[in-house]
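I have placed the structure first, in the form of structure tokens, so that the comments after it can refer back to it.
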Amino acid sequence: MSFLEVKSVVIRGLAASVPRLIRDNFIELSQNEAEKLLKSTGVRNRHVASDGICTTDLCCSAAKACLEKLGWSPSEVDCLIFVTQTPDYLLPAASFSIHERLSLRTNCYLLDVSLGCSGYVYGLSVIAALMQNGHFKKGLLLVGDTISRTCSINDKSTFPLFGDAGTATALEYQPGGAGFKFSFGSDGSRKGAICIKGGGFRNPFSVDSLKEFDHGDGRFHSDLQLNLEGMDVFSFGINRAPASVAQLVDYFKLDKDGIDDFFFHQANRFMNEMIRKKLGIEIARVPYSIERFGNVSSATIPLTMISERANELTKFRRKNIACGFGVGLSWGSVYFETADLSIPEISYI
Amino acid sequence: MDAQKFVKDFADQFEETNPDEIRLDTAFRSLQEWSSMMALVIIAMMDEKYGVTLTGEEIRASETVEDLFKAVVSKVKK
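Those sequence lines, one after another, are chains Y and B.
For the working numbering, add 951 to where a residue sits in the first sequence, where the first one is 1.
For the working numbering, add 1 to where a residue sits in the second sequence, where the first one is 1.
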């Protein structure tokens, strides 16, 4: 586990955008299947992107709403970090599409980060570290995925679970501001546990790329679609996630009882409940958005903050811990304080 | 570690399966109620009750309840 502390940068606003189209497992599956799935994974609905909707569309919508609510002009944005695993093109990086559509300055710093479940925590570390000296005063962290578009309709382990969302987090340099405290970990030896193995340069598109194969346990998908090894991800999550939070708390000597909310990546409810119980945190301090939105990959943490705690985050001073864990495999936790955030209503495109 | 207690802990995780159907030599994948979700429930049970987390590979390599028990025992010893 590695640790990082960044001071003098604070979050000012949060926004989220999701596709209008809702898939309801109680309509798409049998009653029995949907009930079992809800009980175990916690997922009922997902907002899913139709073929025309890309992550940049969702994130641009969220970014515009976020800037407008704050009264910030796009020309004030000094840096933009875009975290996604579902970019517009192989190249250039998707942040350039966003740069054009948000009309950001030509001397704005842009960077894409390729991470999923842990991506919000890592994205915060990148942008906060960039801004901590005050040369960049205002920054945007855009985090989202249209991961449902990578799932085969014939794969029971992914299709009913994943939804899509884009989020924007506005950060500002504030000398002496509380900043962020992080813990991080990575395990590349388990990269195959969550993987789309085809379509890149290791396994380029070929005549076989579109063929669906039987991967066992009701999982049929092609090499261009998401493969999820549920047991491996579960074993990983129930150990690494609680350890990540516990080590963050220990290392920085945080008062665990004084934390208002613990925002966990919304992987699946059964796994998240194991994590919560291992940490001994009561359920009132662990909000869930997974029933309404499913697992929205990198966007789960900010979407949960907005959908479940907008009232508290906009009105009060709050102490938060967020923990992301998954694809990589990668995990990270962050402690940060917020006060009077600007949060517009979730937008639907 | 008590193998019979492990069998009972294993059987307790099932809702529809008669506990008498589950013995040490039961090939658990042939149980009608077995599913990918049940695999997670079993991993969770072993984690909670025995303090060891089996990997997907270790579950896949196991045929019977006894194989799982042996995998748990070998990890507890470590």
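Ideal Cβ positions, reconstructed from N, Cα and C, are used throughout, including at glycine.
CA nearest to the CA of residue i, picked from the options
i           : options                                              : result
Met-47(B)   : Leu-32(B), Glu-16(B), Ser-75(B) and Glu-17(B)        : Ser-75(B)
Asp-26(B)   : Ser-37(B), Ala-4(B), Glu-59(B) and Glu-34(B)         : Ala-4(B)
Ile-973(Y)  : Val-999(Y), Gly-1283(Y) and Ala-1129(Y)              : Val-999(Y)
Asp-1002(Y) : Asp-1039(Y), Ile-962(Y), Pro-1295(Y) and Val-1028(Y) : Asp-1039(Y)
Leu-946(Y)  : Thr-1035(Y), Leu-1042(Y) and Asp-1029(Y)             : Any question about residue 946(Y) goes unanswered here, given that chain Y covers just 952 to 1300.
Asn-1154(Y) : Gly-1167(Y), Ile-978(Y) and Gln-1176(Y)              : Gln-1176(Y)
Val-994(Y)  : Val-1094(Y), Pro-1111(Y) and Ser-1026(Y)             : Pro-1111(Y)
Leu-1108(Y) : Gly-1127(Y), His-1166(Y) and Phe-1215(Y)             : A small correction: the amino acid at residue 1108(Y) is Ser; Leu does not occupy that position in the sequence shown. Comparing Cα positions, the closest option is His-1166(Y).
Thr-1007(Y) : Leu-988(Y), Lys-1228(Y) and Pro-1043(Y)              : Pro-1043(Y)
Backbone CA spacing between residue i and residue j [nearest angstrom]
i           : j           : result
Cys-1102(Y) : Arg-1220(Y) : 20 Å
Arg-1260(Y) : Ala-1016(Y) : 18 Å
Ser-36(B)   : Val-42(B)   : 10 Å
Cys-1146(Y) : Asn-1178(Y) : 5 Å
Lys-1088(Y) : Tyr-1073(Y) : 20 Å
Lys-958(Y)  : Ala-1144(Y) : 35 Å
Tyr-1299(Y) : Arg-971(Y)  : 5 Å
Asp-1106(Y) : Asp-1291(Y) : 42 Å
Arg-997(Y)  : Ala-1250(Y) : 13 Å
Phe-70(B)   : Leu-1122(Y) : 51 Å
Leu-55(B)   : Phe-1187(Y) : 10 Å
Ile-1104(Y) : Gly-1169(Y) : 11 Å
Leu-1254(Y) : Glu-22(B)   : 45 Å
Ala-985(Y)  : Leu-1205(Y) : 40 Å
Ile-1234(Y) : Arg-1056(Y) : 44 Å
Arg-24(B)   : Asp-13(B)   : 12 Å
Glu-979(Y)  : Met-38(B)   : 19 Å
Tyr-1124(Y) : Ser-1240(Y) : 30 Å
Beta-carbon proximity check, residue i vs residue j, cutoff 8 Å
i           : j           : result
Leu-965(Y)  : Met-1182(Y) : no
Phe-954(Y)  : Ser-1195(Y) : no
Thr-1037(Y) : Thr-1120(Y) : no
Ser-1046(Y) : Leu-1066(Y) : no
Ile-1032(Y) : Val-1077(Y) : yes
Lys-1266(Y) : Glu-1288(Y) : no
Ile-1252(Y) : Arg-1236(Y) : no
Ser-1012(Y) : Gly-1090(Y) : no
Gly-1245(Y) : Phe-1113(Y) : yes
Ser-1160(Y) : Asp-1138(Y) : no
Met-1222(Y) : Phe-1185(Y) : yes
Ile-1049(Y) : Cys-1010(Y) : yes
Met-952(Y)  : Gln-1198(Y) : yes
Ser-968(Y)  : Ile-1297(Y) : yes
Ala-1192(Y) : Phe-1131(Y) : no
Beta bridge counterpart(s) of residue i as assigned by DSSP
i           : result
Lys-1142(Y) : Note: Lys-1142(Y) sits in no beta bridge, so no partner.
Glu-956(Y)  : Lys-1132(Y)
Leu-25(B)   : None, per the DSSP bridge assignment.
Leu-1292(Y) : DSSP lists no partner for Leu-1292(Y).
Leu-1179(Y) : Ile-1145(Y)
Lys-1270(Y) : Glu-1288(Y)
Lys-1089(Y) : Glu-1123(Y)
Ala-1281(Y) : It should be noted that the sequence gives Ser, not Ala, for residue 1281(Y). BP columns for Ser-1281(Y) point to Ser-1137(Y) and Gly-1277(Y).
Ala-1116(Y) : Asp-1096(Y)
Asp-1165(Y) : Phe-1171(Y)
Ser-1298(Y) : Ser-968(Y)
In chain order, which continuous runs of the alpha helix (DSSP H) of length 4 or greater are located wholly inside the stretch 1188-1256 of chain Y? 1220-1230 and 1241-1244
Those runs of the beta strand (DSSP E) which lie wholly inside the stretch 962-1007 of chain Y and span at least 3 residues: 973-975 and 996-998
Every unbroken beta strand (DSSP E) within the stretch 1026-1067 of chain Y, with a cutoff of 3 residues, ordered by chain: 1030-1034 and 1060-1064
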